[in-house]
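Take the sequence shown: its position 44, counting from 1, is numbered 54 in the numbering used here, and each next residue is one higher. Note that the Cβ used here is the ideal one computed from N, Cα and C, for glycine as well. Read the structure below first, then the notes.
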Amino acid sequence: MKYLTEYRNLEATKSYLKLIETTITKKWNIMEICGGQTHGLVKNGILELLPDKVQMIHGPGCPVCVTPLNLIDKAIELLENGVIVCSFGDMIRVPGSKKSLLEAKANGGDLRILYSPIEAVKIARNNPDKEVVFFAVGFETTAPANALSVLHAQKEGLKNYSILVSHVLVPPAMEAILDDKFCTINAFLGAGHVCAIMGYKEYYPLAEKYKIPIVITGFEPLDLVQGIYMAVKQLEEGIHTVENQYSRAVKEEGNLAALKVINQVFEVGNREWRGIGEIPNSGYVLTPEFKNFDAELKFGISNIKVPENPDCIAGQILRGIKKPYQCSQFGKTCNPSNPLGAPMVSSEGACAAYYHFSNNAILK
Ligand code: SF4
Numbered sequence: 011m012k013y014l015t016e017y018r019n020l021e022a023t024k025s026y027l028k029l030i031e032t033t034i035t036k037k038w039n040i041m042e043i044c045g046g047q048t049h050g051l052v053k054n055g056i057l058e059l060l061p062d063k064v065q066m067i068h069g070p071g072c073p074v075c076v077t078p079l080n081l082i083d084k085a086i087e088l089l090e091n092g093v094i095v096c097s098f099g100d101m102i103r104v105p106g107s108k109k110s111l112l113e114a115k116a117n118g119g120d121l122r123i124l125y126s127p128i129e130a131v132k133i134a135r136n137n138p139d140k141e142v143v144f145f146a147v148g149f150e151t152t153a154p155a156n157a158l159s160v161l162h163a164q165k166e167g168l169k170n171y172s173i174l175v176s177h178v179l180v181p182p183a184m185e186a187i188l189d190d191k192f193c194t195i196n197a198f199l200g201a202g203h204v205c206a207i208m209g210y211k212e213y214y215p216l217a218e219k220y221k222i223p224i225v226i227t228g229f230e231p232l233d234l235v236q237g238i239y240m241a242v243k244q245l246e247e248g249i250h251t252v253e254n255q256y257s258r259a260v261k262e263e264g265n266l267a268a269l270k271v272i273n274q275v276f277e278v279g280n281r282e283w284r285g286i287g288e289i290p291n292s293g294y295v296l297t298p299e300f301k302n303f304d305a306e307l308k309f310g311i312s313n314i315k316v317p318e319n320p321d322c323i324a325g326q327i328l329r330g331i332k333k334p335y336q337c338s339q340f341g342k343t344c345n346p347s348n349p350l351g352a353p354m355v356s357s358e359g360a361c362a363a364y365y366h367f368s369n370n371a372i373l374k
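In structure tokens, the structure reads:
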């Protein structure tokens, strides 16, 4: 398959691993932002093939993992009060404070698992006597489709459709990580799919302010080792700039049509990140024009607050301070059948990646 098979080529991947080995002279810590990249690194055994001088640190780029516990409880509250709640499949097993959405569904809640928020608009149209809420979770990548669903509902005059918004943005999270006193990161692999929407102009000031290389990188084995090589090369040469490894999908200016839709419906606001806390201007909220599509306001559930599970160190893992196997619950009380935290559930979660794909060589 074009743009896929050739990026899984073993010989080309090995040649970049060799280049990394011959270029590197010092220890460097490189954070891959996206959970999809973490899975690519672990699943393909790349962590074991990299020279010891490269330490990959897993970043916060798993949308399910960073969605606060209280948002899940809010969705469950709606479900238990007769609202049709629609969600992508990856959210439904994530534990809330008492139960998951799936458990609430088993108790009779009308939970619909969808591939697109546009399907939720159709459900609202077909059920005029019911309230329908889409659980709008994600980074910049899912924001255009969620915004589009609101525009469709507005155009159709649907009064029974709203969204429970938990959109977070990558650059403010990178800045919060870099400002952390425990931060040891020397370079970033930027999330290719996020930049396919947003472009990467906003990374230049970050690279300059923190003197840190940022390489926008894809998800296949060759993408990852090439991205790591580009970051190592910058570090060894004392350069800190933004480079685009994922040029087959990412343009500097991003996807202008998608950005237009996002900017019509959302504006930047403060957001709470699970395990990290509130980061100023780190997410999207609905603009005043679209506040009547805000499920939190519509159903008066803004004040639901719940504490995190004290046994789960997801916050430290999402900030790159600890690896999953350093959690005392990893593989014991916490596993994919009985997850204590979102990183063990999500297909992009670091704990799930290590549980499914790592071997003893990585657990060092
Ligand atoms: S292993 Fe489980 S308990 Fe530990 S950080 Fe990961 S999700 Fe949380």
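Any idea which residues DSSP pairs residue 296 with across the strands?
Answer is 276.
What does a CB cutoff of less than 6 Å around residue 363 pick up in its chain, not counting 5 residues either side in sequence?
48, 49, 52
How about residue 327: is its Cβ closer than 7 Å to a heavy atom in the ligand SF4?
Flag set: Cβ of residue 327 near the ligand SF4.
Assign residue 114 to one of two classes, buried (16 or more other C-beta atoms within 10 Å of its C-beta) or exposed (fewer than that).
buried
Let me check understanding here. Comparing Cα to Cα, which of 250, 205, 246, 89 lies closest to residue 224?
250
Should residue 155 be counted as a contact of the ligand SF4 given a C-beta to heavy atom distance under 7 Å?
No, the ligand SF4 has no heavy atom inside 7 Å of this Cβ.
Quick check: residue 103 and residue 355, are their CB atoms within less than 8 Å of each other?
At the C-beta level, residue 103 and residue 355 come within 8 Å of one another.
Considering only their Cβ atoms, is the gap separating residue 119 from residue 141 smaller than 8 Å?
Contact: no.
Which of helix, strand or coil does DSSP assign to residue 227?
strand
Quick one: what's got a C-beta closer than 7 Å to residue 154's C-beta in the same chain, skipping five residues either side?
207, 268, 271, 272
Is residue 374 helix, strand or coil when you go by DSSP?
The predicted model places residue 374 with a pLDDT of 36, which falls under 50 and marks its position as unreliable; any figure quoted below should be read in that light. DSSP places residue 374 in coil when its eight states are reduced to three.
Write down every uninterrupted run of the alpha helix (DSSP H) in the region 171–255 whose length is 4 residues or greater and which is fully enclosed by it, in chain order.
180–189, 202–208, 213–220, 231–247
Closest to residue 126 by CA distance: which of 151, 190, 240 is it?
151
In whole angstroms, give me the CA-to-CA distance for residue 371 and residue 38.
The predicted model places residue 371 with a pLDDT of 40, which falls under 50 and marks its position as unreliable, so this point remains unresolved.
Would you list the one or two residues that DSSP bridges to residue 340?
Beta-bridge pairing links residue 340 to 344.
Taking just the CA atoms, how far does residue 167 sit from residue 22?
54 Å
Here's the rule: buried if 16 or more other CB atoms are within 10 angstroms of the residue's CB, otherwise exposed. What is residue 203?
buried
Quick check on the DSSP output: the alpha helix (DSSP H) that includes residue 127 runs from which residue to which?
Run containing residue 127: 127–136, per the alpha helix (DSSP H) assignment.
At a cut-off of 7 Å, is residue 79 close to the ligand COA when judged by its beta-carbon and the heavy atoms of the ligand?
The ligand COA is not part of this structure, which contains only the ligand SF4.
Less than 8 Å separating the beta-carbons of residue 26 and residue 232?
yes
Cβ of residue 226 within 8 Å of Cβ of residue 254?
yes
Any heavy atom of the ligand SF4 closer than 7 Å to the CB of residue 195?
no
Run through the DSSP bridge pairs and tell me what residue 304 is partnered with.
173
To the nearest angstrom, report how far apart residue 285 and residue 324 are at their CA atoms.
6 Å
Can the beta-carbon of residue 65 be found closer than 8 Å to that of residue 161?
no
Tell me, which residues are paired with residue 160 by DSSP?
Residue 160 pairs with nothing; no bridge assigned.
State yes or no: is the C-beta of residue 350 within less than 8 Å of the C-beta of residue 322?
yes
What residues sit near the ligand SF4, counting only those whose C-beta is closer than 5 Å to one of its heavy atoms, in chain order?
322, 323, 324, 337, 339, 340, 344, 350, 351, 353, 354, 361
Just to confirm, are residue 242 and residue 34 a CB contact at a threshold of 8 Å?
yes
Hey, out of 238, 229, 215, 112, whose CA is closest to residue 31's CA?
When each option's Cα is compared against that of residue 31, the closest is 238.
Mind the definition here: the region 210–224 touches the region 179–197 only if three or more C-beta pairs lie below 8 Å; say whether that holds.
Cβ pair count under 8 Å is three or more, so yes.
Leaving aside the five residues before and after residue 181 along the sequence, list all residues of the same chain whose C-beta is less than 8 Å from its C-beta, in chain order.
212, 213, 216
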